[in-house]
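Q: Below: one structure in structure tokens.
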Amino acid sequence: MELCTLAYDHPDSAKLIAELQQVYVTRYGDGDITPVDPAQFAAPRGHFLVGYVDDVPVACGGWRAHDEAQHSLRPGDAEIKRMYVADALRGRGLARRLLAALEDEARAQGRKRMVLETGTRQPEAISLYTSSGYTRIDNFGVYRDHPDSLCFAKDLGI
Numbered sequence: 001m002e003l004c005t006l007a008y009d010h011p012d013s014a015k016l017i018a019e020l021q022q023v024y025v026t027r028y029g030d031g032d033i034t035p036v037d038p039a040q041f042a043a044p045r046g047h048f049l050v051g052y053v054d055d056v057p058v059a060c061g062g063w064r065a066h067d068e069a070q071h072s073l074r075p076g077d078a079e080i081k082r083m084y085v086a087d088a089l090r091g092r093g094l095a096r097r098l099l100a101a102l103e104d105e106a107r108a109q110g111r112k113r114m115v116l117e118t119g120t121r122q123p124e125a126i127s128l129y130t131s132s133g134y135t136r137i138d139n140f141g142v143y144r145d146h147p148d149s150l151c152f153a154k155d156l157g158i
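Counting in UniProt numbering, the sequence shown runs from 1 upward without gaps.
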């Protein structure tokens, strides 16, 4: 897989994000309602990657900076958003490569910790994050009180 930095609203990014939103509809009955501004994923306060296999966009993910303490968020956090790998290519380590690249870029930008929100109906995501060193934290953001929401964090060693 070749990872490319793209804008959050690039057509390939948008295609993959739409596929991910459909996964949420299938699993939860609706899409992710977290407010997202594409500008939040622009360097140096964010980053968005699209993964290609044979020139076809098959994976995406990004992070955006948080610099105010709010709920379980801390200044210096980077929040992962829109992690996705196309169904046909799951189980090949692509998500793990994507996650590591996002962590590396966040670390390079001085981010201290990665945080994320996922759902109880995404066991593969939970497994990826916990096996990658993420631990549960109190829920934050629009899903702070949502019963199907799980939040995780990982210290980036800065």
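Beta carbons are placed, not taken as given, at the ideal position from N, Cα and C, and that holds for glycine. Predicted, not measured: the structure shown is a model, and the values here were computed from it.
(1) Around the Cβ of P75, are there at least 16 other Cβ atoms within 10 angstroms (buried) or fewer (exposed)?
(2) Have a look at Q40 and W63 and give me their C-alpha separation to the nearest angstrom.
(3) From the DSSP output, which residues share a beta bridge with G61?
(4) Checking 9 Å against the spacing of the C-beta atoms, do K112 and I158 come in under that value?
(5) Expressed to the nearest angstrom, what Euclidean distance is found between the alpha-carbon atoms of V53 and L94?
(6) CB E105 to CB K154, shorter than 9 Å?
(7) Which two residues bound the contiguous alpha helix (DSSP H) that contains T26?
(8) Where F48 and A42 are concerned, what is the direct C-alpha to C-alpha distance, given to the nearest angstrom?
(9) Say whether the segment 139-148 touches the segment 116-125, bearing in mind that this needs 3 or more beta-carbon pairs closer than 8 Å, one atom from each stretch.
(10) Suppose the cutoff is 8 Å on Cβ atoms and the five residues either side in sequence are ignored; what does the same chain contact list for D9 look like?
(11) What span of residues does the alpha helix (DSSP H) with D104 cover, start to end?
(12) Which residues in the same chain as G31 place their Cβ atom closer than 7 Å to its Cβ, once the five residues preceding and following it in sequence are excluded?
(13) Could you tell me the distance, in whole angstroms, from the CA atom of T135 to the CA atom of C151?
A: So, to answer that:
(1) P75 is classed as exposed because its beta carbon has fewer than 16 other beta carbons within 10 Å across all chains shown.
(2) Cα-Cα distance, rounded: 8 Å.
(3) DSSP lists L49 as partners of G61.
(4) The answer is yes: Cβ separation under 9 Å.
(5) For the pair V53 and L94, the Cα-to-Cα distance works out to about 10 Å.
(6) No.
(7) P11 to Y28 is the extent of the alpha helix (DSSP H) around T26.
(8) So the alpha carbons of these two residues sit roughly 7 Å apart.
(9) They touch, by the three-pair rule.
(10) Same-chain partners within the cutoff: P38.
(11) Start and end: L94 to A108.
(12) Counting only residues of its own chain and dropping the five nearest sequence neighbours on each side, G31 has a CB closer than 7 Å to the CB of Q21, Y24 and V25.
(13) One alpha carbon belongs to T135, the other to C151, and they sit about 8 Å apart.
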